[in-house]
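**Student:** Below is the structure I would like to discuss, written out as structure tokens.
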Amino acid sequence: MHLYNLTLQRATAISIAVHGNFAGTKQQEIALAKGKVLELVRPDPTTGKVISLLSVDIFGVIRSMIAFRLTGGSKDYLIIGSDSGRIVILEYIPSKNCFDKVHQETFGKSGCRRIVPGQYLAIDPKGRAVMIGAVEKQKLVYILNRDAAARLTISSPLEAHKSNTFVYHIVGVDVGFENPIFACLEMDYEDVDSEISETQTQQQLTFYELDLGLNHVVRKYSEVLEEHGNFLISVPGGNDGPSGVLICSENYITYKNFGDQPDIRCPIPRRRGDLDDPDRGMIFVCSASHKTKSMFFFLAQSEQGDIFKINLEVDDDIVTAIKIKYFDTVPVATSLCVLRTGFLFVAAEFGNHYLYQIVHLGDNDNEPEFSSSMPLDEAETFYFTPRSLKNLFLVDEIESLSPIMHCQIADVANEETPQLLMACGRGPRSTFRLLRHGLEVSEMAVSELPANPNAVWTVKKRSEDKFDSYIVVSFANATLVLSIGETVEEITDSGFLGSTQTINCAQIGDDALIQVYPDGIRHIRADKRVNEWRAPGRKQIVRCAINSRQVVIALSGGEIVYFEMDITGQLNEYTERKDMKSEVICMTLGDVPPGEQRCRFLAIGLADISVRIISLDPLECLKPLTFQVLPARAESLSIVQMMKSDDKSKGKLYLNVGLQNGVHLRTVLDENTGSLSDPQTRYLGSRPIKLFQVCMQGKESLLALSSRTWLCYYYQNRFHLTPLSYEPLEYASGFSSEQCPEGIVAVSQNTLRILALENLGNVFNQQLVELEYTPRKFCIHPETYYVVMIETDHNAFTPARKIQQKQLIAQKIIDSAPDDERQQASEMAAAYLNENLPENIFGAPKPGLDSWASLIRVFNPINGQTLHKIFLDQDEAAFSICGCRFTNDPTSYYVLVGIAKRLRLIDRQHSGCEIHTYKFESNLEQLTLVHKTPVEDVPRAMASFQGKVIIAVGKLLRIYDLGKKKLLKKCENKSIQNFIVTINCKGNRIIAGDVQESYYFIRYKRSENQLIVFADDVFPRWVTCTCILDYDTIAGADKFGNISIIRLAPDVNDEIDDDPTGLKSLWDRGWLGGASQKADAICNFHVGDQILSLNRATLIPGFSESLVYTTISGAIGVLVPFTSHEQLDFFQHLEMHMRSENAPLCGRDHLAYRSFYFPVKNVIDGDLCEQFNSLDLTKQKNIADELYLAPVEVSKKLEDMRTQYAF
């Protein structure tokens, strides 16, 4: 078996976000590290939408990332510390839309190791040096400079190592133009290692100075810290501020600097009336700095999501006080970025990411400001009251699936195409998401029309106008003209003829309009003068093609008449006419290329099932150039220039043909000869296809209307042909207005609709159901398709316990008040009890370890309606769920839930475990508890098995049957080593996945009622999920990000009767500490992300099956089998050439990365192969020549491989 790996949706979890002027323009971009993906996004300052510019796989782990700018430069570079053992400096090239590797310096071994630098990066604020540090011991400093040609140079590394030292954080201290200084949070453990010591090791703040004159690094100063710090914030220095660092530690923030500066310490404010464990410390988790010429401030976020604005009070370069003030509350972030345009980007730890506009700086509100100079007793702190957003305004939300806890694929909506059902998120921000293949459509406006229209267009008044002026709607015997402004209104003075249907209309020349109707052409000048051209005799105009300077019409009978505009703006008819000898079905003109007078080609689809390219060149006007027979009659044609970049000279001309049998045909149209080549087809729907040219993200795109609407567009170096998640449309046109710069106006039956597509590049659109706790697992009712989900959170309260705790605090408020203030205290207590802050924003209270909250939810996945909710008692945690029918009661559907009480995670101690058996009521919407069955250990996995249920109780594997008062134990196996986490069944075979000892293949012997392990795996895999591929083959994933396909050899024996001794000794010998027979790993592949679900499914109806995986970072990928040796041979060679020609961006070896834990075996990396399309043309040609193909043929094979199984 050989497989091909494809990523359908890249990871959405952001580990690091840094901002800067990477393009060298005034606009700022944000670079996002998403595991092995590097993405560059730009918030649009006018619309506030976050636009993805570039996303690239680096085939390595991005451990750290920082932006820097050389002194006096106008462009920021990106430094990346990864698992490659190399420091890499990248520059963004806007013209090519790619990252260019400026420098790559090797300093250590590859992999994420303790003593190899790469975990921490710190830059000197003036851009003169960078320090890269390891978790332990090693730190290197590189000097950055320019050469004579103003190119960036990097020095040899200077060592700043210190043995027996852990590093917690590194930051560059702003000292102006003095020698660069780096501050490190360190801990020296030498004394602890050498002798048994009672004293606890303390953290130190160490300053390292880079002496630019002597070219070496010295350890300048070190100081022991009182509190344990977790990160540092650099304070502006030189002429901008006092310099120094802020140390964020547990419960405190401290300012430190050299010289006469005393330490300034300020407690971190806490929420008033908080339900959290009172002994739990409070820390800041991330921060952002903002500096202007006149001031600077810091925004720091606590682990509850509260953002505080921090200011320093400075007197003659000496800091006298830290001022801290509650700013707003947003979801807990991994990174915050404050942009110059006033945006705050929040890269959330889990769930969706957000872009906020800072509307106030919080200086003039009545929020109390706390200062380090305020008198406080030791261990006392300040208190504030959280509130809804006041200083921030939500502008954009970026969808994120991270973390995908569980996924199943099923057609629950009866749409023929399966949907992906996903349990996503953590805590109160969790969601259930129903994913459909298609682009999300925003409906801007819908209005009814007096009758069913047959066409719609948008036209501008002048060619230089940015936005459209009119919407023209054609009916069977009338034309309606609507003016676009603040509102859309009907007008009658446009010059259009309203008493007839319109075949086509457009803006032509500089400021004229043209209307083509069955009896003639109406040329409307800017001064409302109208020139008419009448169709000859009894003939009528049946088809028309228009661009900005040319008009071509087809008369009934197949005669072609050509008009071209001269320099005075007059339309002139070409003297000759062309008889096509067949009825014209459709025709199209391309856009006039920049700097030219005309488009040289006319494409015509004829009734004789052919398409012809006709020359419009003055020397050979109306001369046929190319003839192409089609598989079916053409319904519509479109010539579109699609390009990788905004430079039109680099685009290719494509002729798109929409056929009447629902097939879309795309061919390359040669710009010199007009010949057609490289045809590609795709079935889009059951209706004939109508094609319309629209503009998306400033580039030409194509809208195809069939039984489903599709958009064909170029996005980040790849063609995308994606359906819209919207009802079928009948006619469409591009639409541009101030409110909707890139939209679509369309008609469907008797309605006019204005639509917008915002998330280009997304493969799926989502439908959400908000949840209360972290979703763990779910099962689907086989008849109603209702979803039964278990949600469980550690360190959480149930709603009942939460109310109790609030009542206790309210009573304390009343009891602690003096008698004369009792009335006021009662009012405060009542207000506190009524206060109900949404937990998905403000977070849920954390009562402490071993506290659990769980619920079982039944809901309809289509409309999101919750049908039934069962809250479990406080400290009961649900870990597994299974739906099944028992032989004893085959008519009823049961749901079993495995529960542990007061489970301690570190050693799995608990105060009792149970299996709850629920039964669906007759309405199939409610669950009724049948009974509870006590078990000895945590029931982590269960599965339906031959009319019974098989349950993993810790490391025991048991078969249970339904009893009247509890489940009845029928059979047990004790030979699995640690803890069973997955169970899969097929026939009489059961595959059990152990938490760290891979898979056990078990045979159920019905006659003897025994479970016998007959084979196992040779590698210790830390199993997370499993999927059965066939009777002998399973696919499994482990917690280190590997996928393995494991198969039993043909000679493996699971028949107990074959044992001649009758003593079953073959299974009891325990060779190699396990079963006597071993399974073989036939495929190994490192995905680079923890995989939590595997499904074998057909994603496109009628196409082949694939293995779909989802990861904790929100990525969705597929592994698809090769169908021929030729196909496999081609992709093996392409992958080999790509490895040598296109080394990963951050210096990691691709083969080594995909073989991180096990050597990659029998899996081709499609993500690497697809980077072929983003290579420059020279490299593409070199690789294609080695494969004896043309570059377009290689691209076609890549596209076919993707569309054959997925999208």
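1 is the number of the first residue of the sequence shown in full-length UniProt numbering; add one for each residue after it. All C-beta atoms, glycine included, are put in the ideal place defined by N, C-alpha and C. These numbers were taken from a predicted model, which means no experiment stands behind them.
Grab me the residues of Leu1187's own chain with a C-beta within less than 8 Å of its C-beta, minus the 5 sequence neighbours each way, in chain order.
**Tutor:** Taking the sequence shown and counting its residues from 1, one reaches residue 1187 at position 1187. Contacts found: Phe1130, His1133, Leu1134, His1137, Val1194.
**Student:** Among Lys846, Leu655, Asp670, which has the Cα closest to the Cα of Gln680?
**Tutor:** Here residue 680 is taken as the residue at index 680 of the sequence shown, counted from 1. Of Lys846, Leu655, Asp670, the residue nearest in Cα terms is Leu655.
**Student:** In angstroms with no decimal places, state the Cα-to-Cα distance between Ala1079 and Gly987.
**Tutor:** Residue mapping note: residue 1079 aligns to position 1079 of the sequence shown, counting from 1. Residue mapping note: residue 987 aligns to position 987 of the sequence shown, counting from 1. When rounded, the distance between both Cα atoms is 18 Å.
**Student:** In this structure, does DSSP put Ala830 in helix, strand or coil?
**Tutor:** The residue labelled residue 830 in the question sits at position 830 within the sequence shown. The answer is helix: DSSP assigns Ala830 an H, G or I state.
**Student:** Let me check one thing: in DSSP terms, what residues is Asp1165 bridge-paired to?
**Tutor:** Position 1165 of the sequence shown holds residue 1165. Its beta-bridge partners are Asn5.
**Student:** In terms of residue numbering, what span does the alpha helix (DSSP H) encompassing Ala183 cover?
**Tutor:** Taking the sequence shown and counting its residues from 1, one reaches residue 183 at position 183. Unbroken run through Ala183 is the beta strand (DSSP E), 181-188; no alpha helix (DSSP H).
**Student:** So, under 8 Å CB-CB, Val50 and Leu355 are touching, yes? Tell me the CB distance rounded to an integer number of Å.
**Tutor:** Numbered from its first residue, the sequence shown carries residue 50 at position 50. Numbered from its first residue, the sequence shown carries residue 355 at position 355. Right, the Cβ-Cβ distance comes to about 6 Å (below 8 Å), so this counts as a contact.
**Student:** In terms of DSSP beta bridges, what is Gly172 paired with?
**Tutor:** As a first step, residue 172 is located in the sequence shown; it is residue number 172 there, counting from the start. Answer is Phe182, bridged to Gly172.
**Student:** Who are the near neighbours of Val629 in its chain, counting only those whose CB is closer than 6 Å to its CB and skipping five residues on each side?
**Tutor:** Here residue 629 refers to the residue found at position 629 when the sequence shown is read from its first residue. Taken in chain order, the residues that qualify are Ser610.
**Student:** My parser needs the alpha helix (DSSP H) runs of 4 or more residues fully inside the region 765-838; what are they?
**Tutor:** List check, alpha helix (DSSP H) in window: 799-816, 822-834.
**Student:** Cα-Cα, which of Lys965, Lys966, Cys971, Val953 is closest to Ile959?
**Tutor:** As a working mapping, residue 959 is identified with position 959 in the sequence shown. The option with the nearest alpha carbon to Ile959 is Cys971.
**Student:** Apart from the five residues just before and just after Gly685, which ones in its own chain have a Cβ nearer than 6 Å to its Cβ?
**Tutor:** For the purposes of this step, residue 685 is identified with residue 685 of the sequence shown, where counting begins at 1. Gly662, Ser706, Ser707, Arg708.
**Student:** Going by DSSP in three states, Leu482 sits in which element: helix, strand or coil?
**Tutor:** Translated into positions along the sequence shown, residue 482 becomes position 482. Correct three-state label for Leu482: strand.
**Student:** By alpha-carbon positions, which one of Asp147, Lys139, Tyr208 ends up nearest to Val173?
**Tutor:** One-based indexing of the sequence shown puts residue 173 at position 173. Checking every option, the nearest Cα to that of Val173 belongs to Tyr208.
**Student:** In the structure shown, what three-state DSSP assignment does Ala877 receive?
**Tutor:** Numbered from 1 along the sequence shown, position 877 holds the residue referred to as residue 877. In this structure, Ala877 counts as strand in the three-state DSSP scheme.
**Student:** For Phe177, which of Gly127, Thr153, Lys578 has the nearest alpha-carbon?
**Tutor:** Residue mapping note: residue 177 aligns to position 177 of the sequence shown, counting from 1. The candidate whose alpha carbon is nearest that of Phe177 is Gly127.
**Student:** Mapping the DSSP letters down to three states, classify His868 as helix, strand or coil.
**Tutor:** Stepping through the sequence shown from its first residue, residue 868 is reached at position 868. Strand.
**Student:** Is the beta carbon of Asp1017 less than 7 Å from the beta carbon of Ile1046?
**Tutor:** The residue labelled residue 1017 in the question sits at position 1017 within the sequence shown. The residue labelled residue 1046 in the question sits at position 1046 within the sequence shown. Going by C-beta atoms, Asp1017 is nearer than 7 Å to Ile1046.
**Student:** With 16 as the cutoff for other CB atoms within 10 Å, does Ser1182 come out buried or exposed?
**Tutor:** If you number the sequence shown from 1, residue 1182 lands on position 1182. In the sequence on display, residue 1182 carries Asn and not Ser. Burial call: exposed.
**Student:** Tell me the rounded alpha-carbon separation between Phe350 and Ser402.
**Tutor:** Sequence index remark: in the sequence shown, residue 350 carries index 350 (1-based). Sequence index remark: in the sequence shown, residue 402 carries index 402 (1-based). Near 6 Å, if we compare the C-alpha coordinates of Ser402 and Phe350.
**Student:** Going straight from the alpha carbon of Leu1072 to that of Asn978, what length do you get?
**Tutor:** Locating residue 1072 in the sequence shown gives position 1072, where the first residue counts as 1. Locating residue 978 in the sequence shown gives position 978, where the first residue counts as 1. Here Leu1072 scores only 49 on pLDDT, less than 50, and its place in the model is too uncertain to base an answer on.
**Student:** Short of 6 Å in beta carbon distance, which residues of its chain neighbour Leu344, apart from the five on each side in sequence? Order them along the chain.
**Tutor:** Residue mapping note: residue 344 aligns to position 344 of the sequence shown, counting from 1. So the qualifying residues of the chain are Val338, Tyr356, Ile358.
**Student:** What separation, rounded to the nearest whole angstrom, lies between the Cα atoms of Thr1061 and Trp1022?
**Tutor:** Working through the sequence shown from its first residue, we reach residue 1061 at position 1061. Working through the sequence shown from its first residue, we reach residue 1022 at position 1022. The predicted position of Thr1061 is uncertain, since its pLDDT is 47 and thus under 50; a value taken from the coordinates is nonetheless stated next. Near 36 Å, if we compare the C-alpha coordinates of Trp1022 and Thr1061.
**Student:** Please return the same chain residues whose Cβ sits closer than 6 Å to the Cβ of Gly864, not counting the five positions on each side in sequence.
**Tutor:** As a first step, residue 864 must be located in the sequence shown, where it is residue number 864. Taken in chain order, the residues that qualify are Val769.
**Student:** Applying the criterion that 16 or more other CB atoms from any shown protein chain within 10 Å of the CB defines a buried residue, is residue 1212 buried or exposed?
**Tutor:** Look at the range of the chain in this structure, 1 to 1207, and you will see that residue 1212 is not part of it.
**Student:** When the Cα atoms are used, what is the spatial distance from Phe496 to Pro688?
**Tutor:** Position 496 of the sequence shown holds residue 496. Position 688 of the sequence shown holds residue 688. So the alpha carbons of these two residues sit roughly 30 Å apart.
**Student:** Excluding five sequence neighbours on each side, which residues of the same chain lie with their C-beta closer than 7 Å to the C-beta of Val584?
**Tutor:** Against the sequence shown, residue 584 aligns to sequence position 584. So the list reads Val542, Arg543, Ala554, Gly558, Ile604, Leu606, once near-sequence residues are dropped.
**Student:** In its own chain, which residues sit with a C-beta less than 7 Å from the C-beta of Lys969, not counting the 5 before and 5 after it?
**Tutor:** Numbered from 1 along the sequence shown, position 969 holds the residue referred to as residue 969. Arg958, Tyr960.
**Student:** Going by DSSP in three states, His1133 sits in which element: helix, strand or coil?
**Tutor:** One-based indexing of the sequence shown puts residue 1133 at position 1133. Three-state result, His1133: helix.
**Student:** Can you tell me whether Ala451 is buried or exposed, with buried defined as 16 or more other CB within 10 angstroms of its CB?
**Tutor:** For the purposes of this step, residue 451 is taken as the residue at position 451 of the sequence shown. Burial call: exposed.
**Student:** Look up Glu635 in the DSSP assignment and say whether it is helix, strand or coil.
**Tutor:** In the sequence shown, the residue the question calls residue 635 occupies position 635. Correct three-state label for Glu635: strand.
**Student:** Indicate the three-state DSSP secondary structure (helix, strand or coil) for Ala844 in the structure shown.
**Tutor:** In the sequence shown, the residue the question calls residue 844 occupies position 844. Here Ala844 sits in coil by DSSP.
**Student:** Looking at the unbroken alpha helix (DSSP H) that takes in Arg1154, where does it start and where does it end?
**Tutor:** Reading the sequence shown from its first residue, position 1154 is the one you call residue 1154. 1150-1154 is the extent of the alpha helix (DSSP H) around Arg1154.
**Student:** Going by Cα to Cα distance, which pick from Asn230, Lys974, Ile814, Glu635 is closest to Lys665?
**Tutor:** The residue you call residue 665 lines up with position 665 of the sequence shown. In the sequence as presented, Lys is not what sits at residue 665; that position holds Leu. Out of Asn230, Lys974, Ile814, Glu635, Glu635 has the C-alpha closest to the C-alpha of Leu665.
**Student:** Near Lys539, which residues of its chain fall below 6 Å by C-beta distance, leaving aside the five closest residues on each side in sequence?
**Tutor:** Indexing the sequence shown from 1 puts residue 539 at position 539. Closer than 6 Å at the Cβ level, and outside the excluded window around Lys539, lie Leu555, Ser556.
**Student:** Would you say the region 771-787 touches the region 866-886, given that touching needs at least three Cβ pairs under 8 Å?
**Tutor:** Segments in contact, yes.
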